[in-house]
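Below is one structure, written out as structure tokens; comments come after it.
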Amino acid sequence: MARILDLAVITGILLGIGSVLISYFGNPVNSGICISCFLENLAGSLQLHDELRMSYIRPELIGFILGAFLVAVKTRRFKVTGGSSPIIRFFLGFFIIVGCAVFIGCPIKMIIRLAAGDLTAVAAVLGMMFGVWLGAKHIKAGVFLDREKNLPKINGYIVPALAILLLVFIIMEPAFIKEGRTGPAALHAPVLLSLALGLIIGGFAQRSGLCITGGFRNFFLFKETTLLSGVIAFFVTALVVSFATRQFNFGLNGQPASHLSHGWTFLAMVLVGLASVIIDGCPFRQIIKAGQGDIDAGITTLGMLAGAALVISWSMRSTSAGPEFAGKIAVLCGLIFCQIVIINYRTAGKRV
Amino acid sequence: MMDRLDKINIVILVGLLLITAGMVTQHEITAKKQDRPESDAGLVLKKQYEKKIAENAETYKEVINLQKLGHYAEALTKLEEIIQSHPEKAQAYIYKAQLLNSQGNLVESIKMYRAAIEMEPDFVDKKSPLFVGNTVLKLIPEARSKLNREKKLKPGDKMITAALDNIYYLQRRIAGGCE
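Line by line, the protein sequences give chains A and B.
Residue 226 in my numbering is what sits at position 226 of the first sequence, and the numbering runs on without skipping anything.
Just add 352 to the spot in the second sequence (first one is 1) and you have my numbering.
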């Protein structure tokens with residue numbers, strides 16, 4: 001237990017240092033590491049949406065998957081499982097990104113924003129915690145998706161192979177891969193630095209199982225604080241590095257990529273927290289698990305990528321002016337979908 | 353133990369891999385730079401900006417001259433004509449914001465900057481030659497303190513709230529992030 005605790009804290013510290021420093025070296029402010037932003041950038045780069053300002057293959061994403069894959073293989077933790085409610089996981093992944101887009105950030109970015117003094121993230125933290133608490137209550141009440149089963153190894157190699165393909169795209173720059181020269185796409189750290197950071201964090205996250213929603217879920221369910229210690233270490237480190245690199249800016253106003261619709265922020269992150277508990281992991285954890293052979297997480301990641309494309313194309317997101325109408329409706333649809341899943345699996349659980 | 357069908361499948365797989373690798377390699381070697389305009393995207397973008405700046409200089413020549421002479425009201429009238437005929441041109445709102453500021457109408461100036469930035473995000477992109485963030489940031493402290501004073505006098509005034517909202521919006525956009 002002590003060793004896992006150490007690993008969770010070390011991963012948290014690495015995330016804290018890495019996510020703030022990578023902004024210092026070029027990534028967007030308060031968005032050094034953000035799975036939803038990275039997936040939106042990736043979707044644009046693959047021409048799944050046409051917002052060129054949001055089109056760039058983030059090497060960190062590749063690093064997370066390959067880092068997790070390499071460490072899992074090396075430590076014989078590469079276990080290929082899947083087949084647990086795939087279509088439900090796909091759409092929960094989709095709606096998680098909707099929630100992230102309405103808040104403007106995934107749970108990792110939520111912590112980064114809070115550590116950078118952005119008080120608009122407080123509503124997000126409360127919303128996510130409430131969503132996780134709600135999810136934990138339903139787990140206690142017997143709501144589980146279908147049981148996964150072991151699958152042939154080939155299934156587990158597909159997501160890491162796709163990550164390698166993305167790396168090839170970065171190197172070869174084929175014409176069908178788009179890269180924006182303005183906006184957030186133009187803000188990025190050097191490729192090798194981003195890739196190295198992704199590999200290191202991906203490797204440690206595989207070993208520790210660090211997960212933002214998982215940390216809170218374990219605490220609410222069992223009063224277990226191993227992963228939560230990692231989340232706290234992440235926050236504290238990011239706070240210290242934000243101060244050290246003069247990126248700390250305390251207040252509600254003038255915060256980058258934020259808005260003042262706190263009610264929608266809260267609700268959007270309730271969706272993220274609740275859906276993440278149902279599928280067992282926040283967006284970051286899904287990426288890591290997809291790299292270590294979890295096919296269900298791979299399906300969720302594809303759902304998240306689809307969500308990342310459509311939140312831009314259908315404006316199901318927020319801007320600095322606040323949430324778009326389509327974003328609000330999509331958050332409500334996401335919560336409705338979660339409720340339908342919960343009700344159905346609760347009934348199924350009672351029948352068994 | 354591999355049977356005959358397994359061996360055939362492996363041969364087919366290796367054959368397909370070799371053909372694919374060969375085609376990609378040949379394409380990479382023979383593809384000329386002019387066939388891939390995307391590789392010069394930075395240069396293309398620079399030229400687009402240069403063209404845009406030149407077009408703006410031509411379109412707003414008269415407005416700029418009137419502004420230099422201090423004939424703000426006439427410049428604004430001319431600008432309104434341009435906005436009527438070309439409402440899609442975001443640059444007009446930047447000039448309007450500047451003129452309104454010159455006339456001391458800080459609140460309307462801020463509103464126009466917001467309109468311009470909502471239409472053209474390059475105005476808040478630090479890497480763009482169109483960036484106006486520093487100019488806007490200089491206006492904000494004065495505008496904010498003025499509006500906060502007014503808000504204390506008229507706490508329920510919706511106009512003041514909307515004006516403050518415009519200021520906060522501009523601050524958020526200029527701060528950057530991934531929007």
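C-beta: ideal position from N, C-alpha, C; glycine also.
Every value quoted in this text rests on a predicted model; they were computed, and no experiment measured them.
Just checking my contact of residue i with residue j at CB under 8 Å: how many whole Å lie between their CB atoms?
i, j, result
"B/ALA442", "B/ALA406", "Contact doesn't hold; Cβ gap of about 16 Å is too wide."
"A/PRO283", "A/PRO28", "A/PRO283 to A/PRO28, Cβ: 17 Å. No contact."
"B/GLN419", "B/ALA427", "5 Å"
"A/PHE103", "A/MET269", "5 Å"
"A/TYR24", "A/THR245", "5 Å"
"A/ALA238", "B/GLU531", "Not confirmed; about 21 Å, so no contact."
"B/LEU499", "B/ILE512", "6 Å"
"B/LYS503", "B/LEU516", "7 Å"
"A/ALA115", "A/SER242", "5 Å"
"A/ARG147", "A/ILE299", "Not quite, the Cβ-Cβ distance comes to about 15 Å (not below 8 Å), so this is no contact."
"A/ASN30", "A/ARG113", "5 Å"
"A/PHE337", "A/PHE95", "6 Å"
Anything in chain A within Cβ reach of residue i, meaning under 9 Å, just list it in chain order.
i, result
"B/GLY485", "Here the premise fails: no neighbours, minimum Cβ distance about 12 Å."
"B/TYR465", "Result: empty, since nearest Cβ-Cβ is about 13 Å, beyond 9 Å."
"B/TYR520", "LEU252, ASN253, GLY254, LEU260, SER320"
Where DSSP assigns a beta bridge to residue i, which residues make up the other side?
i, result
"A/ASN150", "A/THR81"
"A/THR319", "A/GLY322"
"A/ASP50", "None, per the DSSP bridge assignment."
"A/GLY251", "A/ASP118"
"A/ASP294", "A/THR81"
Just to check, is the beta-carbon of residue i closer than 6 Å to a non-hydrogen atom of the ligand MG?
i, result
"B/VAL376", "Absence of the ligand MG from the depicted structure is noted, as is the absence of any ligand whatsoever, leaving it without description."
Sorted by chain position, which residues of the same chain lie with C-beta nearer than 7 Å to residue i's C-beta, five sequence neighbours on each side aside?
i, result
"A/ILE65", "VAL159, PRO160, ALA163, GLY202, ILE287, ALA290, GLY291"
"A/GLY135", "ARG217, GLY273, LEU274, VAL277, ILE278"
"A/GLY198", "PRO59, GLU60, LEU61, ILE62, GLY63, PHE64, GLY67"
"A/LEU356", "Since the first residue of chain A shown is 1 and the last is 352, residue 356 of chain A is not available in this structure."
"B/ASP477", "PHE483"
"A/GLY209", "LEU227"
"B/ARG466", "ASN518, TYR521, LEU522"
"B/VAL488", "TYR465, LEU522, ILE526"
"A/ILE35", "CYS106, ILE108, PRO283, PHE284, ILE287"
Closer than 7 Å by beta-carbon distance: list the chain B residues that pair up with residue i, in chain order.
i, result
"A/VAL29", "ALA527, GLY528, GLY529"
"A/ALA257", "GLY529, CYS530, GLU531"
"A/SER19", "Under the 7 Å cutoff, chain B gives no residues; its nearest Cβ is about 13 Å from A/SER19."
"A/CYS37", "CYS530"
Excluding the 5 residues preceding and the 5 following residue i in the sequence, name in chain order all residues of the same chain whose CB lies nearer than 6 Å to its CB.
i, result
"A/ALA68", "GLY202, GLN206, ILE288, GLY291, GLN292"
"A/TRP314", "ALA326"
"B/VAL415", "ALA427, LYS430, LEU431, TYR447"
"B/TYR401", "PRO481"
"B/MET471", "ALA442"
"A/PHE220", "TRP133, ALA136"
"A/GLY156", "VAL80, GLY293"
"A/ILE231", "Looking at the sequence shown, residue 231 of chain A is not Ile but Val. If we look at A/VAL231 and ignore the five residues flanking it on each side, its Cβ neighbours are ILE212, GLY215."
"A/PHE235", "ILE111, ALA115"
"A/CYS37", "SER31"
I'd like the list of long-range same chain contacts for residue i, defined as Cβ closer than 8 Å, with 5 residues on each side in sequence excluded.
i, result
"A/LYS328", "VAL102, TRP264"
"A/GLY18", "GLY32, ILE33, LEU197, ILE200, ILE201"
"A/LEU151", "VAL80, THR81, GLY82, GLY83, ILE295"
"A/SER261", "SER318, GLY322, PRO323"
"A/HIS188", "GLY26, ASN27, TYR56, ARG58, SER194"
"A/PHE266", "ALA123, ALA124, LEU126, GLY127, PHE130"
Name the chain A residues whose beta carbon is nearer than 7 Å to that of residue i?
i, result
"B/GLY394", "ARG181"
"B/SER480", "THR182"
"B/GLN523", "ASN253, GLY254"
"B/PRO473", "ARG53, GLY183"
"B/ASP477", "THR182, GLY183"
At a CB-CB cut-off below 9 Å, which residues of chain B make contact with residue i?
i, result
"A/ALA330", "In chain order: nothing, as chain B lies at least about 18 Å away."
"A/CYS34", "CYS530"
Residues of chain A with CB under 8 Å from residue i, in chain order?
i, result
"B/LEU397", "ARG181, THR182"
Give the residues of chain B in contact with residue i, contact being defined as C-beta atoms less than 8 Å apart.
i, result
"A/ALA186", "ASP477, LYS479"
Exercise for review: Please list the segments of the alpha helix (DSSP H) lying wholly inside the segment 145-207 of chain A, counting only runs of 4 or more residues, in order along the chain.
Suggested key: 154-172
**Study point:** alpha helix (DSSP H) runs contained entirely in the segment 505-529 of chain B, provided each spans 4 or more residues
**Key:** If we require 4 residues or more, the alpha helix (DSSP H) runs fully inside the segment 505-529 of chain B come out as 510-527.
Check your understanding: What are the complete alpha helix (DSSP H) segments, minimum 4 residues, inside the segment 381-438 of chain B?
Key -> 393-411, 413-420, 424-437
Exercise for review: Write down every uninterrupted run of the alpha helix (DSSP H) in the segment 212-274 of chain A whose length is 4 residues or greater and which is fully enclosed by it, in chain order.
Suggested key: Segments of the alpha helix (DSSP H) lying fully in the segment 212-274 of chain A: 212-222, 226-244.
Review point. If you scan the segment 18-43 of chain A from start to end, which runs of the beta strand (DSSP E) of 3 or more residues do you find wholly inside it?
Key: Counting whole runs of 3 or more residues, the segment 18-43 of chain A contains no beta strand (DSSP E) stretch at all.
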